[in-house]
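Worksheet: the structure to be examined is printed underneath.
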Amino acid sequence: MHFRFSTARHSSGPNEERGMLGKIGISLFLSLFLAAGLFFFYMLSLEVLDRAAVYQWDKSECFVHSSSIEEQSGDNPYLIRVLYSYRYQGVRYENTQISKEEPSYDKYTRASKALAPYKQDTPVDCYVNPEAPSEAVLSRDGLWIAFFLLLPLVFIGVGGGGIYGVWSASSDTGKSRGAKRATSRDASSGSNTVRIIGAIFFLVGVGIFYPFVVVPLWNIYDAQSWVPTECTVISSYVKSHDSDDGTTYSVEILYRYMFNGENYKSDRYEFFGGSSSGYDGKKQIVKQHPRGKTFTCYVDPDTPSEAVIHRGLSWMALLGLLPLFFIGFGLLMMTISKKSEKKKKSLNAFSSIPRESGVSAGPLELKPASSRMTKLFGITFAALFWNGIVSVFLYEVWESWNSGSLNIFLTVFLIPFVLIGIALLFGILHSFLSLFNPLPIITLENGKLVLGGEIKLRWQIQGKAERLAHFSIRLEGGEEATYTRGTDTYTAKSTFYRQTLYETSRVREMVRGEATVQIPKDAMHTFASSNNKIVWKIVVVGDIPKWPDINREHIISIGPMEEV
Amino acid sequence: MNKLSISFEDGKSSYLPGEIVRGRGEWFLQEAPKELEVTLFWYTSGKGTEDVEVVDSLSHPNPGAHGEMPFSFQLPKEPYSFSGTYITLSWAVELLVHDPDDSHTEEIILSPTLNEILLHEVPKF
Numbered sequence: 010m011h012f013r014f015s016t017a018r019h020s021s022g023p024n025e026e027r028g029m030l031g032k033i034g035i036s037l038f039l040s041l042f043l044a045a046g047l048f049f050f051y052m053l054s055l056e057v058l059d060r061a062a063v064y065q066w067d068k069s070e071c072f073v074h075s076s077s078i079e080e081q082s083g084d085n086p087y088l089i090r091v092l093y094s095y096r097y098q099g100v101r102y103e104n105t106q107i108s109k110e111e112p113s114y115d116k117y118t119r120a121s122k123a124l125a126p127y128k129q130d131t132p133v134d135c136y137v138n139p140e141a142p143s144e145a146v147l148s149r150d151g152l153w154i155a156f157f158l159l160l161p162l163v164f165i166g167v168g169g170g171g172i173y174g175v176w177s178a179s180s181d182t183g184k185s186r187g188a189k190r191a192t193s194r195d196a197s198s199g200s201n202t203v204r205i206i207g208a209i210f211f212l213v214g215v216g217i218f219y220p221f222v223v224v225p226l227w228n229i230y231d232a233q234s235w236v237p238t239e240c241t242v243i244s245s246y247v248k249s250h251d252s253d254d255g256t257t258y259s260v261e262i263l264y265r266y267m268f269n270g271e272n273y274k275s276d277r278y279e280f281f282g283g284s285s286s287g288y289d290g291k292k293q294i295v296k297q298h299p300r301g302k303t304f305t306c307y308v309d310p311d312t313p314s315e316a317v318i319h320r321g322l323s324w325m326a327l328l329g330l331l332p333l334f335f336i337g338f339g340l341l342m343m344t345i346s347k348k349s350e351k352k353k354k355s356l357n358a359f360s361s362i363p364r365e366s367g368v369s370a371g372p373l374e375l376k377p378a379s380s381r382m383t384k385l386f387g388i389t390f391a392a393l394f395w396n397g398i399v400s401v402f403l404y405e406v407w408e409s410w411n412s413g414s415l416n417i418f419l420t421v422f423l424i425p426f427v428l429i430g431i432a433l434l435f436g437i438l439h440s441f442l443s444l445f446n447p448l449p450i451i452t453l454e455n456g457k458l459v460l461g462g463e464i465k466l467r468w469q470i471q472g473k474a475e476r477l478a479h480f481s482i483r484l485e486g487g488e489e490a491t492y493t494r495g496t497d498t499y500t501a502k503s504t505f506y507r508q509t510l511y512e513t514s515r516v517r518e519m520v521r522g523e524a525t526v527q528i529p530k531d532a533m534h535t536f537a538s539s540n541n542k543i544v545w546k547i548v549v550v551g552d553i554p555k556w557p558d559i560n561r562e563h564i565i566s567i568g569p570m571e572e573v
Numbered sequence: 009m010n011k012l013s014i015s016f017e018d019g020k021s022s023y024l025p026g027e028i029v030r031g032r033g034e035w036f037l038q039e040a041p042k043e044l045e046v047t048l049f050w051y052t053s054g055k056g057t058e059d060v061e062v063v064d065s066l067s068h069p070n071p072g073a074h075g076e077m078p079f080s081f082q083l084p085k086e087p088y089s090f091s092g093t094y095i096t097l098s099w100a101v102e103l104l105v106h107d108p109d110d111s112h113t114e115e116i117i118l119s120p121t122l123n124e125i126l127l128h129e130v131p132k133f
């Protein structure tokens, strides 16, 4: 291909050359994501297929001879045992397998619920393996686990997509411009990848949010109508859960009660389950429920085997914010990709339609690039989101301080995140105070602006202009070049023109006025393509002592010279 | 060995906005291509990801292994050719053959001053 390219005039060449070492380094890092994703996808797939196979088995009628809950040692101490028999093709079989998964549970309540359908001396449905009739199960494990296949897909997408992005970006050199144009048009496939990853995050977040937040909240609401019942503690202790991140604790209280003449047992303390650091608080609860003590628990009148000791909210509910992160992040990615694709579609055909002015030559009131309310909403949302997530871990640190076993690693790790959270809170304050700033209204006398022409504008300040120590309006022209490095997008900006139209420190002169400036002939007109722009703007600056300053940018469009 | 070339009328390489670019493309190939076209386009280069826009094109249905093809394109009024700190925008005419694939490009300038517009960064405050 013969193609003459202008000699380099910039601090960096086209599509910045990355060192081969850098690309290999990034690829190795991303390959870890890819490998982890592929491994977990494979393991989960095996589990899903194993469960799905049972759905091909023949349904048969079984008879339960005995059913009980046995205690054993370990993390899941409650094991349910059912002995049942069935006939298949004229042959009688006996079996004890309830499902493919071992029927042991960490909570008595769960074991009791699982055992409820298999009452002694009652017929039940079972599922028989037609290829090995001695193999049967009473219940088929749900296939909802297939939903979690989305999680490793995220890792595969990030790892595989990232590696592809790193190596494909540099392969564009050497193509003819026509082919490159096709490639740049196909860049919308990048938006699709972002959208898919966003959708996966969203679905994973919803999938976690429902069982871990919505269901417990619903149960709390429902439990307000449960019947207060006298219960007696059978056993109570604080259970330790060891993991790589440290030890967490949970309250384990097993109690019995009578409801409608029948005896029941339960070990549910509250609806938001799980464990957390902080031993003392849980120890206190266990001390309040010693063995043999009678107290009031709350029983579901519709399902008396369901009971709870504490039917209100607890701090564990804050963990519900974690799936919100997935949901929010997923929505953000999908929104960004949609906006960026819309923008690319409208710019791909290179439009010179001005943003503010255009065909109309009459007066035009300028709107700022972003309104004060938009900024306030944006930073508030960001702060809530960020601090919401950080507060969950901060709570863990606080609990570890309280318990006397300070988690130093988590404390130090959280410092930068907390500082960012504090900065965001200050940002909210700054944006909020800005709402009360005087408001400069800028009107262009002539909506149509061209190189070599002039800008005539008027301004008026609404509000207390006397709060301003200094006021200025200037015209600026700048370049904006957007590029990607790996999976991140950056925009480099440079100002090539700056001219002050007006500035004053006299309040009388600030309140309203007019100014005119010549637009240079030898500059570049407004231009916008997918990744490169020439942007002209009117910048209004007002210094307010001990208060957030006014700094508003109004994008204007300056067209090419009318007569050449 | 393939040979492709583009020449402009009167040897011009700079044009005013709205002017007509006239010239001819010549090719000498080892075998006749399936398709041949001449395109007028602009492209950006520099720090930002490259953007390309084909403004006009002419195609030759049965090119043959060698020949010449005159072309004439009306240049639009914008965008101008310019070079700044991060972005350069250049105009060019490209002679493209398909199957076998090959191309040849010649740059031109579109500007009211007949020179590339130069943008220099002003110091920050």
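Protein chains in written order, with this note's numbering: chain A, 10 to 573; chain B, 9 to 133. All C-beta atoms, glycine included, are put in the ideal place defined by N, C-alpha and C.
* **Under the three-state DSSP convention, the category residue 343 of chain A falls into** => helix
* Contact with chain A by residue 130 of chain B, beta-carbon distance below 8 Å -> yes
* What is the rounded straight-line gap between the Cα of residue 55 of chain B and the Cα of residue 128 of chain B? -> 15 Å
* At least one CB of chain B closer than 8 Å to the CB of residue 360 of chain A: is that the case? -> Here the model assigns residue 360 of chain A a pLDDT of 37, short of 50, so the residue's position is not dependable, and the following value carries that caveat. No, residue 360 of chain A lies away from the interface with chain B (no Cβ there is under 8 Å from its Cβ).
* Counting only the same chain and skipping the five closest in sequence on each side, list residues whose C-beta sits under 6 Å from that of residue 372 of chain A. => 452 and 454
* Asked: Residues bridged to residue 77 of chain B by DSSP?
  -> B:33
* To do: Flag this pair as touching only if the region 105-113 of chain A and the region 139-146 of chain A have three or more C-beta atom pairs under 8 Å; answer yes or no.
  => yes
* Amino acids of chain B, ordered along the chain, whose beta-carbon sits closer than 7 Å to that of residue 540 of chain A -> 56, 57 and 59
* Asked: Taking any Cβ of chain A, which residues in the region 74-97 of chain B have a Cβ under 8 Å from it, in chain order?
  -> 85, 86, 87, 88, 90, 91, 92, 93, 94, 95, 96 and 97
* Asked: Cβ of residue 562 of chain A less than 8 Å from any chain B Cβ?
  -> no
* Going by Cα to Cα distance, which pick from A:416, A:403 and A:415 is closest to residue 428 of chain A? -> A:403
* How would you label residue 277 of chain A, buried or exposed, when you count the other beta carbons within 10 angstroms and need 16 or more for buried? -> buried
* Should residue 71 of chain B be flagged as near chain A, meaning a C-beta pair shorter than 8 Å? -> no
* With a 10 Å radius around its C-beta and 16 neighbouring C-beta atoms as the bar for buried, classify residue 648 of chain A as buried or exposed. => No information on residue 648 of chain A is available, as it lies outside the stretch 10 to 573 that chain A covers here.
* Asked: Applying a beta-carbon distance threshold of less than 7 Å, which residues of chain B neighbour residue 503 of chain A?
  -> 92, 93, 94 and 129
* With respect to the alpha helix (DSSP H) encompassing residue 383 of chain A, which residues constitute its N-terminal and C-terminal limits? -> 381-412
* By Cβ distance, which residues of its chain are closer than 8 Å to residue 50 of chain A, with the 5 residues on each side in sequence left out? -> 158, 161, 162 and 165
* Which word fits residue 127 of chain A, buried or exposed, when buried means at least 16 other C-beta atoms lie within 10 angstroms of its C-beta? -> buried
* Using a Cβ-Cβ distance under 8 Å, would residue 488 of chain A count as near chain B? -> yes
* Taking only the alpha-carbon atoms, compute the straight-line gap between residue 483 of chain A and residue 548 of chain A and give it to the nearest angstrom. => 5 Å
* Asked: Under 8 Å Cβ-Cβ, which residues of chain A neighbour residue 125 of chain B?
  -> 531, 532 and 533
* **For residue 261 of chain A: DSSP bridge partner residues** => A:246
* To do: State the DSSP-derived secondary structure class of residue 233 of chain A, mapped to helix, strand or coil.
  => coil
* Are the C-beta atoms of residue 134 of chain B and some chain A residue less than 8 Å apart? -> For residue 134 of chain B there is no data in the structure shown, the boundaries of chain B being 9 and 133.
* Asked: Which ranges would you report for the beta strand (DSSP E) in the region 83-115 of chain A if only whole runs of at least 3 residues count?
  -> 87-97 and 100-104
* Under 8 Å by Cβ, that's how I've got residue 538 of chain A and residue 93 of chain B pegged, so tell me the actual separation to the nearest angstrom. => Wrong, their Cβ atoms sit about 17 Å apart, outside the cutoff.
* Asked: Between which two residues does the alpha helix (DSSP H) carrying residue 449 of chain A extend?
  -> Taken as a continuous stretch (DSSP letters only), residue 449 of chain A belongs to no alpha helix (DSSP H), being part of the beta strand (DSSP E) at 448-453.
* Check the Cβ-Cβ distances between residue 108 of chain B and every residue of chain A, and say whether any is below 8 Å. => no
* From this set, B:23, B:26 and B:104, which residue's C-alpha is nearest residue 42 of chain B's C-alpha? -> B:104
* Asked: What residue from A:142, A:390 and A:270 has the CA that sits closest to residue 102 of chain A's CA?
  -> A:142
* State the beta-bridge partners of residue 126 of chain B as determined by DSSP. => B:91
* To do: Tell me whether residue 67 of chain B is buried or exposed, calling it buried when 16 or more other Cβ atoms sit within 10 Å of its Cβ.
  => exposed
* To do: On the DSSP bridge assignment, give the partners of residue 267 of chain A in chain order.
  => A:272
* **Three-way DSSP call (helix, strand, coil) for residue 574 of chain A in this model** => Nothing can be reported for residue 574 of chain A, as the shown portion of chain A is limited to 10 through 573.
* Asked: Hey, does residue 509 of chain A have any beta-carbon neighbour from chain B nearer than 8 Å?
  -> no
* Is residue 51 of chain A helix, strand or coil by DSSP? -> helix
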